[in-house]
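Report on one structure; see the data block that follows.
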Amino acid sequence: MAKPPPPTSTSDPALPTTTTTSSAPKPSSRPAPARLLAPLTASARSLLASARRSPVTTLAAAFFLLALVMYGEDARTIAELSIDDYLYPGANLYNVSGLPPLALPPPTCDLSRGRWVFDNVSVPAYREKDCTFLTKQVTCLANGRTDDMWQYWRWQPNDCSLPTFDARRFMEAMRGKRLMFVGDSLNRNQWESLVCLVQPILSKGRKKIVKRGSFKTFYAKEYRATLEFYWAPFLVESNSDNPNFHSIKERIISPERIESHAKNWKDVDYLIFNTYIWWMNNADIKVRRPNSKYWSENDEVPRIEAYGQVFKTWSDWLNDNIDPARTSVFFMTISSPHLSPQNWGNPDGIKCVKETLPYQNYSQPLDLYHDMRLYDLVVNVARSMEKVPVSVIDITKMSDYRKDAHTGLYTFRQGKLLTPKQKEDPEKSADCIHWCLPGVPDVWNQILYTRILSKSSWHSNFSPPPSQSLPVPPQ
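According to the numbering used here, the sequence shown is numbered sequentially starting from 20.
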């Protein structure tokens with residue numbers, strides 16, 4: 020049995036909301052949305068006028084105005100999407116059958132085993148400056164990083180080829196559907212990557228991000244599709260579930276309680292889970308006692324035991340609530356932090372700071388002290404699930420080699436760029452957990468893309484389905 024690795028710091032500062040909006044085409048001097056929403060404005064005025072005459076109507080008006088305040092962005096987004104259905108019925112249908120057949124790797128090919136090949140022609144798939152949806156946490160060039168070599172490496176599996184990410188093929192697979200990443204900030208890192216991979220093919224003014232509670236939702240309006248991220252760092256309920264304020268010294272989980280999160284995962288077409296880094300602060304995990312009223316009522320449980328309890332709850336919920344005919348479930352394995360440079364032959368280094376090249380001694384084992392017991396537990400749970408299959412996407416070994424690709428000292432902490440004084444203490448300040456974008460998470464999504472299209476019956480010959488209404492995340 021592998022020995023537990025040393026504790027890992029997992030500070031994850033709150034990030035600012037990224038929202039991009041533009042209006043639809045203007046067939047007249049007044050914008051179409053304004054013209055179509057005019058009756059709603061008149062109704063609101065009528066409601067307010069009636070409120071002066073009736074206490075009941077006054078109460079109803081108060082609730083109406085409160086809803087506008089609380090859900091104004093959601094209401095506006097839903098209205099915009101409905102207007103899009105009116106203005107652009109069947110917009111931008113794209114028949115991928117005109118493209119060459121997509122060559123997918125055989126199911127027997129292990130995509131997780133391979134090497135990084137320098138390629139400054141086909142990668143990166145997008146430029147940092149061109150993806151306005153990126154948060155400042157991951158925009159390393161804008162944050163002052165002077166080298167850019169980390170962007171020019173392509174993953175080459177040993178025994179097959181990995182298909183290039185084709186945003187049009189992918190979005191046709193997503194048409195009228197919901198895809199959701201669930202987990203911690205590394206799954207958010209991957210979600211941001213996916214948004215950047217698909218956004219170039221979407222029309223200006225028909226794509227936006229809305230942040231609400233634990234959700235960050237990217238709306239691809241012309242495909243009536245959403246790409247979503249849902250914050251749940253332990254998957255089950257915990258005292259760290261606030262997506263904006265979770266820098267808590269003592270993290271406590273409730274391993275048998277999942278419903279407050281999981282109710283938001285229903286009716287999603289593709290679910291992509293992860294949870295690892297938040298488990299690595301301590302060898303023992305604080306677990307809230309069953310039926311207790313307060314988080315302070317807890318016991319310390321060995322990490323592997325608590326992890327097993329969580330995955331029992333998670334797998335039971337999937338089996339009881341997910342229809343495998345509709346929903347595909349994936350699990351991302353360990354994303355590698357690079358904290359101990361002596362492990363890759365740099366005893367004088369400080370974490371990942373000043374690393375500019377991948378580790379390339381593929382014949383020499385690289386041990387980064389992962390807790391592989393957690394990795395093995397996930398794999399075994401996935402293998403045991405017969406009713407709802409779970410596809411494990413192994414990103415661990417390929418990420419191990421990428422000591423050069425973290426945000427390091429070129430990131431934001433608590434909403435601010437690292438100061439010169441903070442940079443003088445890289446042992447404390449350098450973020451060697453999250454990844455610069457474009458970068459390594461793009462390859463994770465390339466593998467996810469391959470897995471999703473492998474599950475689709477239309478990946479080589481496709482006729483577009485009828486237009487559908489855009490799915491809206493639960494309120």
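A virtual CB, placed ideally from N, CA and C, is assigned to each residue, including glycine. Here the structure is a predicted model, which means the values were calculated and not measured.
Between the CA atoms of residue j and residue i - distance to the nearest angstrom
i    : j    : result
F248 : F200 : 5 Å
D461 : L213 : 7 Å
N177 : Q465 : 16 Å
Q441 : S448 : 6 Å
N208 : S222 : 24 Å
W363 : S131 : 20 Å
V578 : W250 : There is simply no residue 578 to check, as the chain begins at 20 and stops at 494 in what is shown.
V140 : L396 : 39 Å
N340 : K285 : 7 Å
F292 : K416 : 18 Å
Y388 : W463 : 21 Å
K373 : D203 : 26 Å
L467 : S259 : 28 Å
V280 : A325 : The question names Val, but residue 280 is His in the sequence shown. For H280 and A325, the distance between alpha carbons rounds to 18 Å.
I427 : C451 : Strictly speaking, residue 427 in this sequence is Gly, with Ile absent from that position. Rounded to whole angstroms, G427 to C451 spans 5 Å at the Cα level.
D444 : T151 : 30 Å
K227 : Q218 : 10 Å
W454 : V157 : 6 Å
K474 : G133 : 23 Å
A192 : L472 : 7 Å
A439 : T165 : The amino acid occupying residue 439 in the given sequence is Pro; Ala does not appear at that position. Taking the straight line joining both Cα atoms gives about 15 Å.
Terminal residues of the beta strand (DSSP E) in which residue i lies
i    : result
N317 : N317 to P321
C451 : D450 to W454
D303 : D303 to R307
M351 : S347 to M351
L121 : Here L121 belongs to no beta strand (DSSP E), and DSSP marks it neither H nor E.
H357 : No beta strand (DSSP E) holds H357; DSSP gives it neither H nor E.
V15  : The chain is shown only over 20 to 494; residue 15 falls outside these bounds and no answer can be derived.
G495 : There is no way to answer for residue 495, as the model of the chain reaches only from 20 to 494.
G427 : H425 to G427
Collapsed DSSP secondary structure at residue i in the structure displayed
i    : result
S475 : coil
R392 : helix
I267 : coil
K230 : strand
Y242 : helix
W169 : helix
V136 : strand
F152 : coil
T183 : coil
S222 : coil
T332 : helix
I296 : helix
Y145 : coil
T469 : helix
K285 : coil
Y378 : coil
S403 : helix
L495 : Residue 495 lies beyond the residue range present for the chain, which begins at 20 and ends at 494; the question has no answer from this structure.
S257 : strand
E275 : coil
Residue-level contact to chain C via CB, residue i, 8 Å cutoff
i    : result
I412 : Here chain C cannot be found, since the structure has a single protein chain.
Neighbourhood of residue i by C-beta, 8 Å cutoff - its chain only, sequence neighbours within 5 removed
i    : result
P343 : K406, V407 and P408
M168 : T375, L376 and D423
S410 : S347, V348, F349, F350, A401 and R470
P321 : A302, D303 and I304
R49  : Below a pLDDT of 50, predicted positions are generally treated as unreliable, and R49, at 40, falls in that range; no measurement from the model is reported.
Q175 : G133, R134, W135, V136 and L181
Nonlocal neighbours in the same chain, by C-beta distance under 6 Å from residue i, ignoring five residues either side
i    : result
Q170 : P143 and P457
R225 : K240 and E241
G368 : P360
L198 : L246 and Y289
D413 : S131 and T352
Y206 : Just to set this straight, residue 206 is Asn in the shown sequence, not Tyr. These residues qualify, in order along the chain: F200 and N293.
E256 : S273, R276 and S279
G163 : Y429
Own chain, CB closer than 7 Å to residue i, minus 5 neighbours either side, in chain order
i    : result
L160 : E147 and D167
S334 : V400 and M404
F189 : V217 and Y468
Endpoints, the alpha helix (DSSP H) within which residue i is located
i    : result
K196 : Taken as a continuous stretch (DSSP letters only), K196 belongs to no alpha helix (DSSP H), as it is neither H nor E.
L385 : Unbroken run through L385: none, as it is neither H nor E.
T415 : T415 to D419
S157 : Correcting the residue type first, residue 157 is Val in the shown sequence and not Ser. Per DSSP, V157 belongs to no alpha helix (DSSP H) and is neither H nor E.
L213 : S204 to V217
P8   : With the chain covering 20 to 494 only, the question about residue 8 has no answer from this structure.
Closer than 7 Å: residue i CB and nearest the ligand PLP heavy atom
i    : result
K373 : Absent from the structure shown: the ligand PLP. Ligands present: none.
Taking 8 Å as the threshold, find out whether the segment 218–237 comes into contact with the segment 304–320 through three or more Cβ pairs. no
Using 8 Å as the cut-off, can you tell me whether the segment 261–281 makes contact with the segment 181–191, which would need three or more C-beta pairs spanning the two stretches below that distance? no
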